[in-house]
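What follows is a short report on a single structure.
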Amino acid sequence: MLETPLAIIAEITHRCPLHCAYCSNPLQMASPTSELSTRDWEAVFEQSAELGVLHVHLSGGEPLAREDLTQLVNSAHSCGLYTNLITSGIGLSAQRLEVLVKAGLDHIQLSFQDSREDNANWIAGARAHARKLEIAALIRKSGLAFTVNMVVHRQNLSCLDEMIALAESLMPERLEIAHVQYYGWAWKNLDALLPTREQVLTSLETIAAAQKRLAGKMRIDAVVPDYYARFPKACMGGWGRRQLLIDPAGRTLPCHAATVFPGLCFENVRERPLEWIWQESESFQKFRGQDWMPEPCRSCDRRTDDFGGCRCQAFMMTGNASATDPVCSLAPSHNLIEEHLAQVNSKAHNQSSPHQSPEFWIYRPQPK
Amino acid sequence: MPDLNDACRPRLATGCRWAGNGENRTLLFPEGALRLQQTARAILELCDGERTFGHIVQELRSTYSASDPVKIRQDATAFLERLRNKRLVDF
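If you read the sequences in order, they're chains A and B. Residues in the first sequence are numbered from 148 upward in steps of one, following my numbering. Residues in the second sequence are numbered from 47 upward in steps of one, following my numbering.
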């Protein structure tokens, strides 16, 4: 039987004051004029709750760039949805935070790019770090449930200890240490972002020690970089199985990166009911279940754990959306991952350090 | 962190709340949801920040009078300490 989605990611705008080089937004961003209206989103939240969705993650871009954010939070909350704001913090004030909490916001996740201000601003392509520290203090003072998200990669992993200490000083209930995943703009910056093996192994030790030390005080969740894993991640909990994403213009996607597939049509919530999109649309059925799977997935014991890994990653690396995710050590195309790892772990590659030049990155621009 | 003792008043951590009713009652938290088994749900529903842990154990012992009272305390302690480490419960 088809399960109901548990969460929707509402990418309410692609506008953002930051330009993070690791952004997972698509290269073709939704223009401000194409964005869904307040009423459109309200209808989405109503339909989501009827479908059985429990969580809505308000994301972007920067969701605070939408002036109607409070109305959107209020609407989702009124439908009984657990409402999570995923934000850079830029655009928040004490007053706006108070209004959001009153509207029913359940949780806020604030991202940081580094513990060192100069490096953080360089990665973000914006002078944002100092303001984020002020915003973190406002959030803690408000009593709202609070997660700090540290986005890590080769250019900041050497400071992981400092980043954990910074998070600790901000006193969130939870710290998420998220290794960059290579979609959208991060895929363009892969060579600069992919960590070395030594960095990854050290980070695992650092995280384990911090989890032990901070148990009961600050929960630490870490997302392991899948290029270094033996088996792929269960991307989105399986295609069309647990979650769906609605982009600023109303296109409904099984995951953040799904627009990379040429020729796959993603239905719009302006034109179709969400229930129909989830149950019937071609795009959601395309890789649902096991019928699409090639070998070695088809006969693999792990096929119900990782669902063959990420379809977008398979397509981006091999050109075949139905291929086994190349990060899997059993995949015929695993050599593609090994080539990237061999390059980043070679001495010559590590000697070229960036010195914080803006030209080092392909920054994520503003949507037009 | 202090150990769980009889004077503690366990409560759902900030950002955790219930949704739904009866068998479908689900604990919601920032990145997920838990549909708990009957006993686990019974323990957690007593964690209202008013009752002390001593009081909660007493209530569980009268509800589950056929079970070993020592084991009830051990199980409830282990369960709540586990949830505290996940930052779902505070005490």
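We treat Cβ as the ideally placed atom computed from N, Cα and C, and that holds for glycine.
Candidates C459(A), C170(A), H276(A): which alpha carbon is nearest N508(A)'s? Working through the first sequence from its first residue, we reach residue 508(A) at position 361. The sequence as given places Trp at residue 508(A); Asn does not occur at that position. Ranking C459(A), C170(A), H276(A) by Cα distance to W508(A) puts C170(A) first.
Partners in chain A for T60(B), counting only beta-carbon separations shorter than 9 Å: Residue numbering aside, residue 60(B) sits at position 14 when the second sequence is read from its first letter. Those within 9 Å of T60(B) in chain A are H254, G290, L291, A292, F293, E320.
Cβ shell of R445(A) (< 8 Å), same chain only, five flanking positions each side left out: Here residue 445(A) is taken as the residue at index 298 of the first sequence, counted from 1. Excluding positions up to five away in sequence, the list reads Q437.
By DSSP, does C209(A) sit in helix, in strand, or in coil? In the first sequence, counting from the first residue as 1, residue 209(A) sits at position 62. Cys is not the amino acid found at residue 209(A); the sequence shown has Glu there. Correct three-state label for E209(A): coil.
Terminal residues of the continuous alpha helix (DSSP H) containing V347(A)? Position 200 of the first sequence, counting from 1, holds the residue named residue 347(A). Element bounds for V347(A): 344-360.
Min CB distance R366(A) to chain B below 7 Å: Counted from its first residue, the first sequence places residue 366(A) at position 219. So, interface residue.
Report all residues from its chain with a CB closer than 7 Å to the CB of A271(A); omit the five preceding and five following residues, and keep chain order. Translated into positions along the first sequence, residue 271(A) becomes position 124. Correct list, in chain order: L165, H166, C167, Q260.
Return the chain-ordered list of same chain residues with a C-beta closer than 7 Å to the C-beta of G384(A), the five sequence neighbours on each side being excluded. For the purposes of this step, residue 384(A) is taken as the residue at position 237 of the first sequence. Hits under 7 Å: Q390.
If you follow the beta strand (DSSP E) that F462(A) is in, where does it begin and where does it stop? The count along the first sequence starts at 1 and reaches residue 462(A) at position 315. Per DSSP, F462(A) belongs to no beta strand (DSSP E); it is in the alpha helix (DSSP H), 458-465.
Beta carbons nearer than 8 Å to chain B: which residues of the segment 189-201 of chain A have them? L201
Chain A contact for P76(B) (CB, 7 Å cutoff): Position 30 of the second sequence, counted from the first residue, corresponds to residue 76(B). Closer than 7 Å: yes.
Which two residues bound the contiguous alpha helix (DSSP H) that contains V220(A)? Locating residue 220(A) in the first sequence gives position 73, counting from the first residue. 216-225 is the extent of the alpha helix (DSSP H) around V220(A).
Using beta-carbon positions only, say whether P395(A) and A190(A) come within less than 7 Å of one another. Counting from 1 along the first sequence, the entry for residue 395(A) is found at position 248. Counting from 1 along the first sequence, the entry for residue 190(A) is found at position 43. Result no, Cβ atoms of P395(A) and A190(A) do not sit closer than 7 Å.
Chain-order list of residues whose beta-carbon lies under 7 Å from that of G95(B) (same chain, five-residue window excluded): On the second sequence, position 49 is the one that residue 95(B) refers to. R55, R57.
One question on the structure: do L153(A) and L219(A) come within less than 7 Å of each other, judged by their Cβ atoms? Taking the first residue of the first sequence as 1, we reach residue 153(A) at position 6. Taking the first residue of the first sequence as 1, we reach residue 219(A) at position 72. Against a cut-off of 7 Å, the Cβ pair of L219(A) and L153(A) comes out as no contact.
What does R130(B) reach in chain A if we use C-beta pairs closer than 8 Å? Against the second sequence, residue 130(B) aligns to sequence position 84. Here the neighbours are G363.
Using CA atoms only, rank isn't needed, just tell me which of Q432(A), L477(A), P409(A), S206(A) is closest to D453(A). Position 306 of the first sequence, counted from the start, is the residue given in the question as residue 453(A). Ranking Q432(A), L477(A), P409(A), S206(A) by Cα distance to D453(A) puts L477(A) first.
Those runs of the beta strand (DSSP E) which lie wholly inside the segment 215-290 of chain A and span at least 3 residues: 229-234, 254-259
Under 7 Å between C-beta atoms, does A124(B) make it to chain A? On the second sequence, position 78 is the one that residue 124(B) refers to. Judged by the 7 Å Cβ criterion, A124(B) is not in contact with chain A.
For T85(B), which of helix, strand or coil comes out of DSSP? The residue labelled residue 85(B) in the question sits at position 39 within the second sequence. Looking at T85(B) - three-state DSSP - the assignment turns out to be helix.
Opposite E323(A) in the DSSP bridges: which residues? Position 176 of the first sequence, counted from the first residue, corresponds to residue 323(A). DSSP lists N296(A), D368(A) as partners of E323(A).
How many Å lie between H224(A) and I255(A) at the Cα? Taking the first sequence and counting its residues from 1, the one referred to as residue 224(A) is at position 77. Taking the first sequence and counting its residues from 1, the one referred to as residue 255(A) is at position 108. Their backbone Cα atoms lie some 14 Å apart in a straight line.
Could one say the Cβ of A79(B) lies closer than 7 Å to chain A's Cβ atoms, at least one of them? By one-based count along the second sequence, residue 79(B) stands at place 33. Chain A contact via Cβ: present.
If the criterion is Cβ atoms closer than 7 Å, does the pair I367(A) and L322(A) meet it? In the first sequence, residue 367(A) corresponds to position 220, counting from 1. In the first sequence, residue 322(A) corresponds to position 175, counting from 1. Going by C-beta atoms, I367(A) is nearer than 7 Å to L322(A).
Backbone CA spacing between V203(A) and S111(B) [nearest angstrom]: For the purposes of this step, residue 203(A) is taken as the residue at position 56 of the first sequence. For the purposes of this step, residue 111(B) is taken as the residue at position 65 of the second sequence. Answer to the nearest angstrom: the Cα atoms are 41 Å apart.
Rounded to a whole number of angstroms, what is the C-alpha to C-alpha distance between L106(B) and G61(B)? As a first step, residue 106(B) must be located in the second sequence, where it is residue number 60. As a first step, residue 61(B) must be located in the second sequence, where it is residue number 15. Approximately 26 Å, taken between the alpha carbons.
If you follow the beta strand (DSSP E) that W64(B) is in, where does it begin and where does it stop? Walking along the second sequence from the start, residue 64(B) turns up at place 18. First-last of the beta strand (DSSP E) with W64(B): 63-65.
Give me whichever residues DSSP pairs with G68(B) in a beta bridge. The residue labelled residue 68(B) in the question sits at position 22 within the second sequence. Answer is none; G68(B) lacks a bridge partner.
In angstroms with no decimal places, state the Cα-to-Cα distance between L247(A) and W425(A). Residue numbering aside, residue 247(A) sits at position 100 when the first sequence is read from its first letter. Residue numbering aside, residue 425(A) sits at position 278 when the first sequence is read from its first letter. Distance between the alpha carbons of L247(A) and W425(A): 29 Å.
Using DSSP with H/G/I as helix, E/B as strand and the rest coil, what is R398(A)? As a first step, residue 398(A) must be located in the first sequence, where it is residue number 251. The answer is strand: DSSP assigns R398(A) an E or B state.
Chain A within 7 Å of R133(B), Cβ atoms only: By one-based count along the second sequence, residue 133(B) stands at place 87. So, interface residue.
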